[in-house]
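When we follow our numbering, the leftmost residue of the sequence shown carries the number 19, and every step to the right adds one.
Every residue, glycine too, gets a C-beta built ideally from N, C-alpha and C.
This report refers to the structure that appears directly beneath it.
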Amino acid sequence: MRDFEILTQAMGELDEDVVIETLQQIMEEDSGQASKAMEACQKGMDIVGGLFEKGEYFIGDLIYAGELMTKAVDILKPGLAGDAAETVGKVLLCTVEGDLHDIGKNIVHSILEASGIEVVDLGIDTPAEKIVDAMKAEDIHVVLLSGVLTLALDSMKKTVDAITEANLRDTTKIMIGGAPVHEDAMKMVGADAWATNPQLTTQITLEWLKEIA
Ligand code: B12
């Protein structure tokens, strides 16, 4: 079996020893494979989610999966990060109201920062009003909303509506990301872009910051 398939399977089985060993081996051999390894880990998380839905895994397993994914990201980080020398602009990032998942958001945060982007991170379960207030206080024109629960899409829409009501929509670019996000969700929410991997997120964000500058 190839390393990435082993990783996905071990992540799904929550086999920490195999996950860590395989990741360390991949990074020693070629750190350029880090983003592929992360995708493999993410697929493993989908297996965990599926088993949780079937009732074969319980909440404790989700918690353990979250911890394991965090350890995985720590190992992969040197291979995921960019090598920016100067700051190119500022964005707001958060997990939207009602959603407490932050592993994906934190990955996006690290990679944006490593690409020279200043990140104002409001954390998890962030109400729309708090986002609007921070945009005004920090003079922010790029907003990145994360969420993995289906209900997060409603909170994202509520957030975009609040930004529109505050008369900030015309001068703000909004991207949404996380497991339930896709083209139709982006249209429903009223965002400008969507992504489920940090590299594309960074690429779009850098383009937007250049336009604004
Ligand atoms: C770990 C986990 C947890 C942990 C989270 C720990 C933490 N600190 O985040 C804990 C145990 C807390 C948890 C709790 C719950 N969870 Co949970 N959880 C998961 C699990 C297994 C993995 C999530 C994860 O970290 N994935 C890995 C990361 C790296 O992927 P990601 O978030 O998608 O992020 C990537 C991209 O999407 C993108 N990205 C992320 N953010 C952004 C933002 C922007 C702007 C962009 C552009 C890109 C981007 O980049 C990231 C890196 O590539 C998922 C299953 C799954 N398939 O995802 C279920 C899952 C999300 N959970 C689920 C559920 C039901 C729950 C609970 C309701 C369980 C319960 N009964 O209490 C609670 C909800 C709590 C709440 N209100 O939020 C369901 C959601 C179902 C749904 N459709 O709504 C899932 C899908 C499992 C399932 N199949 O049933 N969970």
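Residue i (DSSP reduced to helix, strand or coil)
i, result
"Asp117", "coil"
"Val166", "coil"
"Val109", "strand"
"Gly195", "strand"
"Thr220", "helix"
"Ala99", "coil"
"Thr182", "helix"
Pick from the options that is closest to residue i, judged by C-alpha positions
i, options, result
"Ala184", "Asp172, Lys148, Thr168 and Met204", "Lys148"
"Val126", "Ala99, His200 and Thr144", "Ala99"
"Leu167", "Ile158, Met45 and Gly67", "Gly67"
"Gly116", "Ile38, Glu47, Lys95 and Ala146", "Ala146"
"Ile9", "Gly84, Val37, Leu86 and Lys123", "A query on residue 9 cannot be resolved here, the shown segment of the chain reaching from 19 to 231 and no further."
"Ile121", "Gly97, Lys154 and Glu85", "Glu85"
"Glu136", "Ala155, Thr182 and Glu104", "Glu104"
"Ala170", "Thr182, Ala203 and Asp157", "Ala203"
"Ile222", "Ile194, Pro198, Lys205 and Val199", "Ile194"
"Ala155", "Leu94, Asp48, Ile44 and Leu186", "Leu186"
"Thr144", "Asp157, Ile158 and Ser173", "Ser173"
"Ala58", "Leu41, Pro198 and Asp139", "Leu41"
"Lys228", "Val138, Gly107 and Leu69", "Gly107"
Residue range of the unbroken beta strand (DSSP E) whose run includes residue i
i, result
"Asp139", "Ile135 to Asp139"
"Ala7", "Missing from the structure shown is residue 7; the chain here goes from 19 to 231 and no further."
8 Å Cβ cutoff, residue i in contact with chain C
i, result
"Thr182", "Judged by its chain identifiers, the structure shown contains no chain C, having just a single protein chain."
Delimiting residues of the alpha helix (DSSP H) encompassing residue i
i, result
"Ala155", "Ala146 to Glu156"
"Leu32", "Per DSSP, Leu32 belongs to no alpha helix (DSSP H) and is neither H nor E."
"Ile65", "Ala52 to Lys72"
"Glu104", "Taken as a continuous stretch (DSSP letters only), Glu104 belongs to no alpha helix (DSSP H), as it is neither H nor E."
"Asp202", "Glu201 to Val207"
Touching by the beta-carbon criterion (3+ pairs, under 8 Å), the segment 160 to 168 and the segment 108 to 126: yes
Stretch pair the segment 188 to 199 + the segment 209 to 222: three plus CB contacts closer than 8 Å: yes
Stretch pair the segment 79 to 86 + the segment 125 to 142: three plus CB contacts closer than 8 Å: no
Any 3 or more C-beta pairs closer than 8 Å across the segment 216 to 225 and the segment 61 to 72: no
Validate contact between the segment 24 to 42 and the segment 84 to 94 using beta carbons, cut 8 Å, 3 pairs: yes
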